[in-house]
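Trainee: If you're matching positions, the sequence shown starts at 11 in the numbering used here and goes up one per residue. Built from N, CA and C at the ideal position, the CB exists for glycine as well.
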Amino acid sequence: MRRYMLKVYKIIAVSLVCCIHVFSQYSESGTSLFPFLKFDNNARTIAMGGASAAMVNGIYGAAVNPASTGFLTQTQAMAGYQSLILDAWAGPIGYAFPTHKYGVFSSNLMYVSHGYLDSSEALDENGVSTGETWHVFSIVGSLGWSKILLNNLSIGLACKGIYHPIKSSGGYYVAASAIAFDAGFQYRSRGSRFIVGCAIQNAGFIVSNYSRDFNDLSLPLAFTTGISYTPLYIPSLRL
11 MRRYMLKVYK IIAVSLVCCI HVFSQYSESG TSLFPFLKFD NNARTIAMGG
61 ASAAMVNGIY GAAVNPASTG FLTQTQAMAG YQSLILDAWA GPIGYAFPTH
111 KYGVFSSNLM YVSHGYLDSS EALDENGVST GETWHVFSIV GSLGWSKILL
161 NNLSIGLACK GIYHPIKSSG GYYVAASAIA FDAGFQYRSR GSRFIVGCAI
211 QNAGFIVSNY SRDFNDLSLP LAFTTGISYT PLYIPSLRL
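(1) In whole angstroms, give me the CA-to-CA distance for F233 and I210.
(2) Going straight from the alpha carbon of M65 to that of R248, what length do you get?
(3) Give every residue of the same chain whose Cβ lies closer than 8 Å to the Cβ of G80, excluding the five residues on either side of it in the sequence, and list them in chain order.
(4) Measure the Cβ-Cβ separation of T240 and A63 and say whether it is below 7 Å.
(5) Report the rounded CA-to-CA distance for L229 versus L43, giving the unit in angstroms.
(6) Per DSSP, which residues does R198 bridge with? Please list them.
(7) DSSP three-state label for S257, please.
(8) State the Cα-Cα distance for the pair S117 and D128, rounded to the nearest angstrom.
(9) Can you pull the DSSP bridge partners for V184?
(10) Are G181 and E142 close, meaning C-beta to C-beta below 7 Å?
(11) Taking the straight line between their C-alpha atoms, what separation do you get for K170 and I237?
(12) Report the residue ranges of all beta strand (DSSP E) runs contained in full by the stretch 93 to 173; include only those spanning at least 3 residues, in chain order.
(13) Excluding the 5 residues flanking Y105 on each side, which residues of the same chain have their C-beta closer than 6 Å to its C-beta?
(14) For Y36 and N136, I'd like the C-alpha separation in whole angstroms.
(15) Using a Cβ-Cβ cut-off of 7 Å (strictly less than) and excluding sequence neighbours within five positions of A190, which residues of its own chain qualify?
(16) Compute the beta-carbon to beta-carbon distance between Y121 and I95, rounded to the nearest angstrom, for a pair I have assumed lies under 8 Å.
(17) Helix, strand or coil for D192 per DSSP?
(18) According to the neighbour-count rule (16 or more other Cβ atoms, all chains shown, within 10 Å of its Cβ), is N225 buried or exposed?
(19) Give me, in chain order, the residues of the same chain whose beta-carbon lies closer than 8 Å to that of P76; leave out the 5 immediate sequence neighbours on both sides.
(20) Using only CA atoms, which one of F46, N161 and T83 lies nearest to A100?
(21) If you draw a straight line from the alpha carbon of I205 to that of F107, how long is it in whole angstroms?
(22) Check Y70 in the structure and name its three-state DSSP category.
(23) Taking buried to mean at least 16 other C-beta atoms within 10 Å of its own C-beta, is I244 buried or exposed?
(24) Can you check which of these residues, I69, S202, L227 and G201, is closest to P102 by C-alpha distance?
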C-alpha cells in the first residue's frame, strides 16, 4: 500500500503541475486542488484573460458569470474542443433555454483529460517495473439559473459538481470531489453597449480528497468584476 500511495502522490503532483502550467496566469494556482476550474473554454474569454464578467457571451458566459445568460431570448447550445498541453485536452458542452416567467435555465458539462501517464519508474517488491498506465481526468457539471429582475439588471446562480479521479491499469483508484457555487450580476444599458458585471466563482467545499496529505489545498475561489463598452459608431469593438 505504501508503494501505491507513493505512486499516487507522484501522479497527482504531475497532474497538478500540468494544470498549473496551463493556468499559471492565476496567482493562486499552486494552492488550488482543482486548478482546471479556471479553464476558459471560448476564444472571447481567453482573449480577455478570463476577465469577461461584463461581456455579451451567451451560453459561453455562464462559466464566468451565470447572470450573463439572463438576457437570452432564445435557446442556445454549444460544444467545443481545445488542446491544452501535450496530450491533455478539454471538451465543454452547454445548453441554455429561456422561460417566460422563471428566467433562463442552463446546464454545462466539461471533460478534461490530463492524458495517460506511464508509471515506468514504479517498481514492485522485486524491483521490477510494473509498467502500469495511469489515467487522470476531470469532470465538472453545472446547473444554472438567471433572471432579469429589473429592466437592465440580471442575477444568476450556478451549482457545480466536480469529480477528479486517478486510475491505474492495475486496478488502483483514488479520487477527489467537491461541490461549488457561482453567483453574479450583470447590468446593461444603452442597448447592451455599456455593461457592468460582477461574479464570484468556486465558493464551496471539498466532499472527498485523495488523502489527508492534500487537505491543505482548497477550491480556487475567484472574484471578478468588470466594465465593458462598445462605441456607438464602432459596433464591432468592445472595450
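Mentor: Quick look at the numbers:
(1) In the sequence shown, residue 233 corresponds to position 223, counting from 1. In the sequence shown, residue 210 corresponds to position 200, counting from 1. Spanning the alpha carbons of F233 and I210 requires a straight line of approximately 4 Å.
(2) For this step, residue 65 is matched to residue 55 along the sequence shown. For this step, residue 248 is matched to residue 238 along the sequence shown. Their Cα atoms are separated by approximately 9 Å.
(3) Residue mapping note: residue 80 aligns to position 70 of the sequence shown, counting from 1. Once the five neighbours on either side are set aside, the close Cβ partners of G80 are G113, V114, S156, K157, I158, S164, I165, G166 and Q196.
(4) As a working mapping, residue 240 is identified with position 230 in the sequence shown. As a working mapping, residue 63 is identified with position 53 in the sequence shown. Not in contact: T240 and A63 (Cβ atoms no closer than 7 Å).
(5) If you number the sequence shown from 1, residue 229 lands on position 219. If you number the sequence shown from 1, residue 43 lands on position 33. Between L229 and L43, the C-alpha separation is close to 6 Å.
(6) In the sequence shown, counting from the first residue as 1, residue 198 sits at position 188. Paired residues: I205.
(7) Any answer about residue 257 is impossible in this case: the structure gives the chain only from 11 up to 249.
(8) Here residue 117 refers to the residue found at position 107 of the sequence shown. Here residue 128 refers to the residue found at position 118 of the sequence shown. Going from the Cα of S117 to the Cα of D128 covers about 35 Å.
(9) Indexing the sequence shown from 1 puts residue 184 at position 174. V184 pairs with I176.
(10) Taking the sequence shown and counting its residues from 1, one reaches residue 181 at position 171. Taking the sequence shown and counting its residues from 1, one reaches residue 142 at position 132. No, Cβ-Cβ distance for G181 and E142 is not below 7 Å.
(11) Counting from 1 along the sequence shown, the entry for residue 170 is found at position 160. Counting from 1 along the sequence shown, the entry for residue 237 is found at position 227. K170 and I237: Cα-Cα distance of roughly 26 Å.
(12) 99 to 108, 114 to 128 and 143 to 158
(13) Here the question's residue 105 lines up with position 95 in the sequence shown. Short of 6 Å from the beta carbon of Y105, and not among the five residues preceding or following it, lie these beta carbons of its own chain, in chain order: A87 and S117.
(14) Taking the first residue of the sequence shown as position 1, residue 36 is located at position 26. Taking the first residue of the sequence shown as position 1, residue 136 is located at position 126. Low per-residue confidence applies at Y36: pLDDT is 42, beneath 50, and the placement is therefore not dependable, though the value from the model is reported in the following sentence. Approximately 43 Å, taken between the alpha carbons.
(15) Here residue 190 is taken as the residue at index 180 of the sequence shown, counted from 1. Result list for A190: K170, I172, N212, A213, G214 and L229, in chain order.
(16) What you label residue 121 is simply residue 111 of the sequence shown in a count that begins at 1. What you label residue 95 is simply residue 85 of the sequence shown in a count that begins at 1. Not quite, the Cβ-Cβ distance comes to about 16 Å (not below 8 Å), so this is no contact.
(17) Reading the sequence shown from its first residue, position 182 is the one you call residue 192. Of the three classes helix, strand and coil, the one that applies to D192 here is strand, per DSSP.
(18) Within the sequence shown, residue 225 is the residue found at index 215, counting from 1. N225 is exposed by the Cβ-count criterion.
(19) As a working note, residue 76 is residue 66 in the sequence shown. Cβ neighbours of P76 within its own chain (closer than 8 Å, five residues either side excluded): S116, G154, W155, S156, G166, L167, A168, D192, A193, G194 and A209.
(20) Here residue 100 corresponds to residue number 90 of the sequence shown, with the count starting at 1. A100 has its Cα closest to that of F46, out of F46, N161 and T83.
(21) Translated into the one-based positions of the sequence shown, residue 205 becomes position 195. Translated into the one-based positions of the sequence shown, residue 107 becomes position 97. Each residue's alpha carbon lies about 22 Å from the other.
(22) If you number the sequence shown from 1, residue 70 lands on position 60. It is helical.
(23) If you number the sequence shown from 1, residue 244 lands on position 234. The residue in question, I244, is exposed, as its Cβ has fewer than 16 Cβ neighbours within 10 Å.
(24) As a working note, residue 102 is residue 92 in the sequence shown. Checked all of I69, S202, L227 and G201; the closest Cα to P102 is I69.
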